[in-house]
Amino acid sequence: MAKPKQRYICSSCGGEFPKWAGKCPDCGEWNTIPQEPIMVAAKKSSTMAGNSMGGIGMGNGYTISTLVPKKFDEIETRGEFSRFMTGIREFDTVLGGGIVQGSVTLIGGEPGIGKSTIILMVSSILAEAGHGVLYISGEESPSQIKNRAERLNATSNNISVLATMDIEQAISHLESGTYRYAVVDSVQSVSSSNLTSAAGTVTQVKHIAYQMMEIAKRKNITLFLIGQVTKDGAVAGPKVLEHLVDTVLYFEGDYNRGLRILRAVKNRFGSTDEVGVFEMSSQGLKSADASMFVSNLNTPMPGKVITPVMEGTRSFLVEVQALVSTTYYQYPKRTTVGFEARRLDMLMAVLDKYCNINLSSYDVYLNIAGGLRVNDPGADLAICAAILSSVKDKPISSQYSFLGEVGLSGEISSVTNINSRLSEAEKFGVTSIVGSERLEFTKSIKHVSIKYVRNLVQLIDSL
Ligand code: TYD
Ligand code: MG
Numbered sequence: 000m001a002k003p004k005q006r007y008i009c010s011s012c013g014g015e016f017p018k019w020a021g022k023c024p025d026c027g028e029w030n031t032i033p034q035e036p037i038m039v040a041a042k043k044s045s046t047m048a049g050n051s052m053g054g055i056g057m058g059n060g061y062t063i064s065t066l067v068p069k070k071f072d073e074i075e076t077r078g079e080f081s082r083f084m085t086g087i088r089e090f091d092t093v094l095g096g097g098i099v100q101g102s103v104t105l106i107g108g109e110p111g112i113g114k115s116t117i118i119l120m121v122s123s124i125l126a127e128a129g130h131g132v133l134y135i136s137g138e139e140s141p142s143q144i145k146n147r148a149e150r151l152n153a154t155s156n157n158i159s160v161l162a163t164m165d166i167e168q169a170i171s172h173l174e175s176g177t178y179r180y181a182v183v184d185s186v187q188s189v190s191s192s193n194l195t196s197a198a199g200t201v202t203q204v205k206h207i208a209y210q211m212m213e214i215a216k217r218k219n220i221t222l223f224l225i226g227q228v229t230k231d232g233a234v235a236g237p238k239v240l241e242h243l244v245d246t247v248l249y250f251e252g253d254y255n256r257g258l259r260i261l262r263a264v265k266n267r268f269g270s271t272d273e274v275g276v277f278e279m280s281s282q283g284l285k286s287a288d289a290s291m292f293v294s295n296l297n298t299p300m301p302g303k304v305i306t307p308v309m310e311g312t313r314s315f316l317v318e319v320q321a322l323v324s325t326t327y328y329q330y331p332k333r334t335t336v337g338f339e340a341r342r343l344d345m346l347m348a349v350l351d352k353y354c355n356i357n358l359s360s361y362d363v364y365l366n367i368a369g370g371l372r373v374n375d376p377g378a379d380l381a382i383c384a385a386i387l388s389s390v391k392d393k394p395i396s397s398q399y400s401f402l403g404e405v406g407l408s409g410e411i412s413s414v415t416n417i418n419s420r421l422s423e424a425e426k427f428g429v430t431s432i433v434g435s436e437r438l439e440f441t442k443s444i445k446h447v448s449i450k451y452v453r454n455l456v457q458l459i460d461s462l
């Protein structure tokens with residue numbers, strides 16, 4: 000066997016270098032390469048049986064003699080991927096319609112966001128359906144996992160829990176068992192004794208992923224890898240694995256409201272625009288109801304306006320709340336929650352210039368109810384309407400909704416996905432949409448009429 004080599008590995012991009020450098024030559028980040036080298040064992044060569052599916056980028060494992068290039072005619076396809084629908088609506092949606100058999104999915108997110116919870120719920124459903132699941136946990140003891148399972152009512156006997164930090168041990172169990180599904184929770188907590196570096200380093204994390212994927216592809220095991228991401232993203236995290244796996248899902252959310260958003264950032268079997276919305280409850284994660292983003296629709300209040308925004312390919316009706324109050328500070332406050340502060344500044348400058356609304360002696364607070372972060376420019380008009388409603392102290396009926404992007408000269412332009420937005424608004428009883436002249440929608444939206452406004456001056460008139 001070849002001698003292990005000294006390597007310096009960048010914690011940001013995973014690049015390996017024979018010499019230390021202050022700035023990573025690959026990704027250009029500073030101070031991401033540790034001063035201490037690590038020993039990397041020389042790669043073993045082994046043969047991978049059969050043809051791998053889905054173009055998994057196995058870095059090693061092929062022997063040249065067994066590889067023959069093929070023409071498209073000679074390549075067999077498996078037709079549609081067979082999928083397993085878990086019945087957890089939002090989870091299936093994000094995956095593009097259920098779990099693809101034999102796929103490798105990476106679920107990343109900050110500690111405590113709910114990765115173990117969702118994967119245990121999914122494991123339990125798979126187990127109930129008669130599939131053997133091996134739950135490899137390097138973070139928690141079997142009793143901790145059982146506690147959670149009891150809370151989730153997910154104690155099927157088809158789940159086998161293996162609490163180990165040693166990947167070789169886990170692999171030998173997969174090798175001898177008849178598991179159809181395997182979970183590694185988390186890739187940072189298990190390590191291989193073939194490498195001298197500590198668990199959680201880039202080399203270990205990549206090695207674990209390669210090893211697991213090799214056996215998963217060989218034995219047609221569907222694999223879930225859980226990856227921790229810290230707030231500053233410093234630890235060798237799921238980033239370095241993204242290009243290896245088939246699907247990458249990230250969990251994000253608002254801890255205080257219990258809102259969790261599962262976002263697909265890569266999906267070889269579906270669209271990456273999908274998001275799943277969950278609510279963390281005492282019985283685990285529940286597929287969220289669209290109504291969680293609006294408070295009490297029937298009581299109009301000054302500064303409260305609803306608007307349909309897009310998150311990926313889905314629209315949600317959200318409530319924009321603005322409060323404009325006399326300032327007691329030298330510099331008036333502008334505070335936003337769930338919306339970009341600089342965009343609010345811009346909208347206020349436009350209101351100031353074109354509508355004669357002087358906000359310099361007022362504090363302005365803007366809140367998106369429900370904990371969603373709105374990045375959709377289609378919400379601009381609703382934000383302007385909410386500010387105007389609060390300045391004038393006049394409530395706006397919840398039957399009205401506002402939709403449009405506001406430009407720097409105060410003109411209002413149209414937005415994308417109008418049909419999906421309007422049908423969402425219609426569901427909540429909106430009867431009038433105030434928006435750009437060019438809002439076009441199909442006849443399926445029966446109960447919503449459009450009030451066209453060309454610019455902010457016309458918006459004030461219409462209010
Ligand atoms: P967990 O899945 O352990 O997070 P991760 O694996 O991403 O680190 O979930 C952690 C949080 O979720 C924890 O703070 C407790 C909370 N929780 C509930 O509120 N209800 C539940 O039913 C469960 C299982 C967890
Ligand atoms: Mg966990």
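Per numbering that gives the first Met the number 0, residue 0 is the first one in the sequence shown, and the count goes up by one each step. Each residue gets a CB set at the ideal place from its N, CA and C atoms; glycine is no exception. Everything numeric in this text was worked out from a predicted model, so none of it was measured.
Ile124 sits close to Thr85, with the two beta carbons spaced by under 7 angstroms. For the pair Gly101 and Arg82, the CB atoms are not nearer than the 7 angstroms cut-off.
If you draw a straight line from the Cα of Ile260 to the Cα of Leu371, it comes to about 9 angstroms. Residue ranges of uninterrupted beta strand (DSSP E) with 3 or more members, entirely inside the region 152 to 228 and ordered along the chain, are 158 to 162, 180 to 184 and 221 to 227. By alpha-carbon distance to Gly27, the top candidate from Gly14, Leu316, Ser360 and Leu173 is Gly14. The set of residues with any CB-heavy atom separation to the ligand MG below 6 angstroms comprises, in chain order, Lys114, Ser115, Glu138 and Asp184. Under the 8 angstroms Cβ criterion, the region 104 to 119 counts as touching the region 180 to 197, having at least three qualifying pairs. Just so you know, the alpha carbons of Ile444 and Cys9 end up roughly 53 angstroms apart.
Not one heavy atom of the ligand TYD falls within 6 angstroms of the beta-carbon of Arg420. The C-beta distance from Gly226 to Leu105 rounds to 6 angstroms, short enough to meet the 8 angstroms contact threshold. Every alpha helix (DSSP H) of 4 residues or more that sits fully in the region 328 to 373 is shown, in chain order, as 340 to 354. Ranked by how close their Cα comes to the Cα of Thr31, the residues Met38, Pro17, Tyr7 and Ile37 have Tyr7 in first place. Val93 and Gln203 have their C-alpha atoms roughly 28 angstroms apart. If you draw a straight line from the Cα of Gln282 to the Cα of Leu151, it is about 5 angstroms long.
Annotation: the continuous alpha helix (DSSP H) that includes Asp460 extends over Leu455 to Ser461. For Pro394, the CB contacts under 6 angstroms within the same chain, skipping 5 residues up- and downstream, are Pro299, Met300 and Pro301 in chain order. When C-beta atoms of the region 392 to 410 are compared with those of the region 301 to 315, three or more pairs fall below 8 angstroms, so the two segments count as touching.
The beta-carbon distance between Thr200 and Ile37, rounded to whole angstroms, is 7 angstroms. This is short enough to meet the 8 angstroms contact definition.
Annotation for Asp253: no alpha helix (DSSP H) segment contains it, though the beta strand (DSSP E) segment containing it runs Thr246 to Asp253. The C-beta distance from Glu318 to Val293 rounds to 5 angstroms, short enough to fall under 8 angstroms. Between Val390 and Val323, the C-beta gap is smaller than 7 angstroms, which places the two residues in contact. Along the length of the region 58 to 123, whole beta strand (DSSP E) runs at least 3 residues long occupy 103 to 108, reported in chain order. Here the distance from the Cβ of Ile411 to the nearest heavy atom of the ligand TYD is not below 6 angstroms. Closest option to Leu421, judged by alpha-carbon separation, among Arg341, Phe315 and Met164: Phe315. Counting C-beta atoms within 10 angstroms of its own C-beta, Ile144 has 16 or more neighbours from the protein chains shown and is therefore classed as buried.
Annotation for Glu436: Tyr451 and Arg453 place their beta carbon closer than 7 angstroms to its own, counting only its chain and skipping 5 residues before and after.
Inter-residue distance for Leu458 and Ala263 is about 37 angstroms (C-alpha atoms, whole angstroms).
Among the bridge pairs identified by DSSP, Trp19 is matched with none. Phe71 and Ser191 have their C-alpha atoms spaced approximately 38 angstroms apart.
Inclusion of Arg147 in the 6 angstroms shell around the ligand TYD follows from its C-beta lying nearer than that to a non-hydrogen atom of the ligand. Taken through DSSP and simplified to helix, strand or coil, Asn297 comes out as coil. Excluding residues up to 5 positions away in sequence, Pro36 lie with their Cβ nearer than 6 angstroms to the Cβ of Gln5 in the same chain. By the Cβ test, the region 167 to 176 is in contact with the region 211 to 218, since at least three Cβ pairs between them sit closer than 8 angstroms. Across the set Thr325, Tyr364 and Val349, the C-alpha of Tyr364 shows the shortest separation from the C-alpha of Phe338. Here Gly369 is not near Phe250, since their CB atoms are 7 angstroms or more apart.
For Leu316, the secondary structure class from DSSP, reduced to helix, strand or coil, is strand.
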